[in-house]
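Visitor:
In the working numbering, the protein residues as written are 104 to 1065.
#1: Helix, strand or coil for residue 1066? Go by DSSP, reduced to three states.
#2: Can you check DSSP and say which residues form a bridge with residue 776?
#3: Between residue 848 and residue 808, which are expected to be in contact by the criterion C-beta below 8 Å, what is the C-beta distance as a whole number of angstroms?
#4: To the nearest angstrom, how far is the alpha carbon of residue 513 from that of residue 751?
#5: So within the segment 230–268, which uninterrupted beta strand (DSSP E) runs reach at least 3 residues, ignoring any that extend past its ends?
#6: Considering only residues of the same chain and omitting the five flanking positions on each side of residue 270, which have a CB-CB separation below 6 Å?
#7: Could you pull out every residue in the same chain whose Cβ sits closer than 7 Å to the Cβ of residue 1012, ignoring the five residues on either side in sequence?
#8: Quick one: complete beta strand (DSSP E) runs, 3+ long, within the segment 298–368?
#9: Considering only residues of the same chain and omitting the five flanking positions on each side of residue 937, which have a CB-CB separation below 6 Å?
#10: Out of 304, 333, 518, which has the shortest C-alpha to C-alpha gap to residue 420?
#11: Residue 530: which of 519, 544, 506 sits nearest, CA to CA?
#12: State yes or no: is the beta carbon of residue 655 nearer than 7 Å to at least one beta carbon in chain B?
#13: Give me, in chain order, the residues of the same chain whose beta-carbon lies closer than 8 Å to that of residue 673; leave out the 5 immediate sequence neighbours on both sides.
#14: Does the beta-carbon of residue 844, which I'm using as the reference point, lie nearer than 6 Å to any heavy atom of the ligand GDP?
#15: Quick check on the burial criterion: 16 or more other C-beta atoms within 10 angstroms. Buried or exposed for residue 307?
#16: So residue 335 and residue 361 are supposed to be a Cβ contact under 8 Å. How far apart are they, rounded?
#17: When you compare each of 569, 358, 811 to residue 772 by their alpha carbons, which one comes out closest?
#18: Looking only at its own chain, which residues have a Cβ that is under 7 Å from the Cβ of residue 667, when we skip the five neighbours before and after it?
#19: Out of 997, 1019, 171, 1014, which one is the CA nearest neighbour of residue 986?
#20: Would residue 485 and residue 467 be called neighbours here (beta carbons separated by less than 7 Å)?
#21: In whole angstroms, give me the CA-to-CA distance for residue 338 and residue 313.
#22: Of the residues 492, 535, 200, 948, which one's Cα is nearest the Cα of residue 754?
#23: Taking only three categories from DSSP, how would you classify residue 159?
#24: Leaving out five residues on either side along the sequence, give the residues of the same chain with a beta carbon under 8 Å from the beta carbon of residue 136.
#25: I need the straight-line Cα distance from residue 544 to residue 575, nearest angstrom please.
#26: So who's on the other strand from residue 274, going by DSSP bridges?
#27: Compute the Euclidean distance between the alpha carbons of residue 435 and residue 229, then round it to the nearest angstrom.
#28: How is the alpha helix (DSSP H) around residue 125 delimited, first residue to last?
#29: For the putative contact between residue 231 and residue 158, defined by C-beta atoms under 8 Å, what is the C-beta separation to the nearest angstrom?
#30: Secondary structure at residue 424, three-state DSSP: helix, strand or coil?
#31: Taking the beta carbon of residue 167 as the centre, do at least 16 other beta carbons fall within 10 Å, making it buried, or is it exposed?
#32: Quick check: what's the CA-CA separation for residue 741 versus residue 890?
#33: Suppose contacts are defined by Cβ-Cβ distances below 7 Å. Is residue 197 in contact with residue 182 by that definition?
#34: Ordered along the chain, which non-local residues of its own chain (more than five positions away) have a Cβ less than 7 Å from that of residue 201?
#35: Rounded C-beta distance between residue 423 and residue 410? I'm assuming under 8 Å.
#36: In chain order, what residues of the same chain lie with their CB nearer than 6 Å to the CB of residue 783, ignoring the 5 residues before and after it?
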């Protein structure tokens, strides 16, 4: 057997064995910390005893048999190989003593029968010792029953004249718990106490050599194992095994990582310790390093002396160093050895003690969470307050965990309502769909007057989010009535909180029914003198929602410099949180509509970065949707597509409520412009609440869908969406071309249908509405108007539009205006300018991600029809790819016929024409009628009708989006 650093102790024991053989018995007490190698030393000594010819009788005491009279002596006698007569006598004596054990006196003295029979029982062993030396070895002696210990004391008093050597293996505190045994044993001249200490570094190195691999005995590994294992042979051996299991045999430089062997070794140490030490280890692991000694005493319900004794034992066992775990793996292993139910009780007790000592709620809550229960009222209140602080610190998961435990532990109805409102507030940052279940109960409580002011105002916003505007108005009225009836309950200065959502709803939901709009019109139904006070007016003016509402009103009056100033004031002075996110988004959109794309992009990136750092998925999603709209305006189509995708990925569509139309509209519009109609159609399949079309974002959705229809060859459906936008915006007094230029959109649809006059009238109408000389809406109107005019009248209008768009940074519209100007110059015969402009349009289109057909490399001056072949013949596909019906419809479309004219010529419906065109576009990989000319031009013929189709209707029938 390999013993490390135990040679000196073994020599002492061998010397006492020699003395025993010569007639001088003795007692060896082998003590030491748990798992310090006592058992290994006893086994090594046993081999020496057998080699010497002495009789070795061995017993192992157990806590399970500590109340069994003569349990240890019975084990010793079994190995004595007694003659039959002695064996029967010993059995009779054991039975007699065990039977009398029930009659022990209260003073703890043994009954007379036991005192009479013990000498006779010990006499059997004394007689055996006369034959040859006798070694009685008892491991874990602290668990020995009292009768067996009396037998050992009886023998110990006669060791000087007998050949008996008693060897007791026990931990360091054994004698401290047995005062009489300590006195009687230690005063004997033949008693020797051998104390086993922890392994030194040299001992650890020797163990690595014995049980490790060649090359492991490095200074680094020795130091790590010695530090983590604390010199405990058991822990050291376990760490060596874990090092091998981690692959250190193939990678010698691998670091030491305690594993399962270490966990099992720690559990062994604990369960070989006494109960007090074991409970101390568990309490210490649960409590943490910051708990004071006095608090730990209360947790354990013990004395300070007992706690210090247990801490010393754990230090000696190699688990602790100066009262705390040597390594986190040691603490984790101790916690793993604790049953879940027991741990919950310890955690709850720690929480109670810390609360009573005034510890920070964050510390108390950690234990309440681990206990998974909060039965006491103080515990639930602590969890609610901690959740509020956690949410303020952006620890959403912690806040939700605290609130769920408080919810599952409480029975008070009012507190349950408070917890439900807090759960809604915290869960909203992650996914509103997950907390929508709470809204009906909160709404009922608000209508009954049982919901606080703050929670009621937040409830209004949540109801609006899911399109329940009428219900939100009911809640608002109920809370206002409650505040008027009980002004002291809300407190001074609270009324303005109700005014904010009241005024804000007018702009957030411009499509509310007239009855609802009348209710929102000016002041609340119940007004007090406090509501008209200067303090109330000042508080209202400071409200972010009120400032946002004022900003939207200024925007509707015209997106001028005042709008920019107000928007940047909100962005600079408002911190991002749940209550200010909406005003901040309004400020971003205002900058966008005012054509301040650089400023909007900067602020959006800043806020999005903060939202990411603060780990709020809903914030990130809303800001990503705003970022996508900005990128779409600037022509960064790939970035806009990814931002819209990210917004819908961060929060599923069912969590967006009515706001889902914002990212979906951007995704549809972007993919339509990029020619990915299948992807756009997939996004149009996302369900959209009907209430979304009462909001401004609903207009963006209608516009995006209209352009998808236009690209898919369904101009009538597109026109219907564009005109619906116009009807809604005029009905709401929300006619803002910077938001949705529905007139120029409708003009494009009319051009696609061949109605040039109506298209021109709409473009001129929108141009007249453009108050500013340099806004994007004016540039779009100029470009659209130019497409309805002859080539000679187009360049001035397009040139002005290009200047505005270049100055404002609208690259997507700039591509289209530049492309139109190139076509106009080509039709006027200015081939060089047309070619330069076409190259510029292609470069810009490539930067934006827009697929644009290439212009001809050179113009044939001698061609009688230089404008009839605008696209390279290399892009053509064979017309046999189309069916006969599709080919007929496509050919007439190239020749300039409208869908109605084609339907009349072929005696089919307009819907059938649209379907044939859609399939033709898909098969020939084109997006507009003008591109069909490049594919089917040889079939158009050189006649006048074909030339008119290629030239005059080129600009009319192209797909225009932006």
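Note that CB positions come from ideal geometry on N, CA and C, so glycine has one too.
Guide: Considering the structure as presented:
#1: Examination of residue 1066 is not possible in this model, given that the chain is present from 104 through 1065 alone.
#2: Here residue 776 corresponds to residue number 673 of the chain shown, with the count starting at 1. Per DSSP, none; premise fails for residue 776.
#3: Residue numbering aside, residue 848 sits at position 745 when the chain shown is read from its first letter. Residue numbering aside, residue 808 sits at position 705 when the chain shown is read from its first letter. A Cβ-Cβ distance of about 11 Å is found for the pair residue 848 and residue 808, leaving them out of contact under the 8 Å criterion.
#4: Along the chain shown, read from residue 1 onward, the residue named residue 513 stands at position 410. Along the chain shown, read from residue 1 onward, the residue named residue 751 stands at position 648. So the two alpha carbons sit approximately 36 Å from each other.
#5: Whole beta strand (DSSP E) segments, 3+ residues: 237–242.
#6: Locating residue 270 in the chain shown gives position 167, where the first residue counts as 1. 131, 240.
#7: Numbered from its first residue, the chain shown carries residue 1012 at position 909. These residues qualify, in order along the chain: 1006.
#8: Here no run is fully enclosed.
#9: Taking the first residue of the chain shown as 1, we reach residue 937 at position 834. Within the same chain, residue 937 has close Cβ partners 925, 928, 929.
#10: Counting from one through the chain shown, the residue named residue 420 turns up at place 317. For residue 420, the nearest C-alpha among the options comes from 333.
#11: Counting from 1 along the chain shown, the entry for residue 530 is found at position 427. Residue nearest to residue 530 within the set 519, 544, 506 is 506 (criterion: CA-CA distance).
#12: Protein chain content of the structure displayed is limited to a single chain, and chain B is not contained in it.
#13: Numbered from 1 along the chain shown, position 570 holds the residue referred to as residue 673. Excluding residues within five positions, the ones whose Cβ falls inside 8 Å are 647, 650, 651, 654, 686, 687, 689, 690.
#14: The model depicted lacks the ligand GDP and carries no ligand whatsoever.
#15: Taking the first residue of the chain shown as position 1, residue 307 is located at position 204. Label assigned to residue 307: buried.
#16: Here residue 335 corresponds to residue number 232 of the chain shown, with the count starting at 1. Here residue 361 corresponds to residue number 258 of the chain shown, with the count starting at 1. Between residue 335 and residue 361 a beta carbon distance of about 13 Å is seen, past the 8 Å cut, so the two are scored as non-contacting.
#17: Residue numbering aside, residue 772 sits at position 669 when the chain shown is read from its first letter. Shortest Cα-Cα distance from residue 772 to any of 569, 358, 811 involves 811.
#18: Position 564 of the chain shown, counted from the start, is the residue given in the question as residue 667. Result list for residue 667: 694, 697, 699, in chain order.
#19: As a working mapping, residue 986 is identified with position 883 in the chain shown. Comparing Cα-Cα distances from residue 986 to each of 997, 1019, 171, 1014, the minimum goes to 1019.
#20: Locating residue 485 in the chain shown gives position 382, where the first residue counts as 1. Locating residue 467 in the chain shown gives position 364, where the first residue counts as 1. Yes, the pair counts as a contact, with Cβ atoms nearer than the cut-off.
#21: Translated into positions along the chain shown, residue 338 becomes position 235. Translated into positions along the chain shown, residue 313 becomes position 210. Between residue 338 and residue 313, the C-alpha separation is close to 15 Å.
#22: Within the chain shown, the letter at position 651 stands for residue 754. Looking at the Cα atoms, 535 is the closest of the given residues.
#23: The residue given as residue 159 occupies position 56 in the chain shown. Residue state, collapsed to three classes: strand.
#24: Translated into positions along the chain shown, residue 136 becomes position 33. 274, 275, 299, 301, 335, 416, 419, 420, 421.
#25: Your numbering for residue 544 matches position 441 in the chain shown. Your numbering for residue 575 matches position 472 in the chain shown. Between the alpha carbons of residue 544 and residue 575 lies a distance of about 14 Å.
#26: Position 171 of the chain shown, counting from 1, holds the residue named residue 274. Checking the DSSP bridge columns, you'll see residue 274 partnered with 135.
#27: Taking the chain shown and counting its residues from 1, the one referred to as residue 435 is at position 332. Taking the chain shown and counting its residues from 1, the one referred to as residue 229 is at position 126. Each residue's CA atom was taken as its position, placing residue 435 and residue 229 some 50 Å apart.
#28: Within the chain shown, residue 125 is the residue found at index 22, counting from 1. In the DSSP assignment, residue 125 falls outside any alpha helix (DSSP H) and carries neither an H nor an E.
#29: Reading the chain shown from its first residue, position 128 is the one you call residue 231. Reading the chain shown from its first residue, position 55 is the one you call residue 158. Their Cβ separation, rounded to whole angstroms, is 7 Å, which keeps residue 231 and residue 158 in contact under 8 Å.
#30: To locate residue 424, count along the chain shown from 1; it is residue 321. In this structure, residue 424 counts as strand in the three-state DSSP scheme.
#31: One-based indexing of the chain shown puts residue 167 at position 64. Exposed.
#32: Position 638 of the chain shown, counted from the first residue, corresponds to residue 741. Position 787 of the chain shown, counted from the first residue, corresponds to residue 890. Residue 741 and residue 890: Cα-Cα distance of roughly 28 Å.
#33: Residue numbering aside, residue 197 sits at position 94 when the chain shown is read from its first letter. Residue numbering aside, residue 182 sits at position 79 when the chain shown is read from its first letter. Taking the C-beta atoms as reference points, residue 182 is found no nearer than 7 Å to residue 197.
#34: Here residue 201 corresponds to residue number 98 of the chain shown, with the count starting at 1. 172, 173, listed in sequence order.
#35: For the purposes of this step, residue 423 is taken as residue 320 along the chain shown, with counting starting at 1. For the purposes of this step, residue 410 is taken as residue 307 along the chain shown, with counting starting at 1. With 8 Å as the limit, residue 423 and residue 410 do not qualify as a contact, their Cβ atoms being about 13 Å apart.
#36: Taking the chain shown and counting its residues from 1, the one referred to as residue 783 is at position 680. These residues qualify, in order along the chain: 771, 774, 775, 811.
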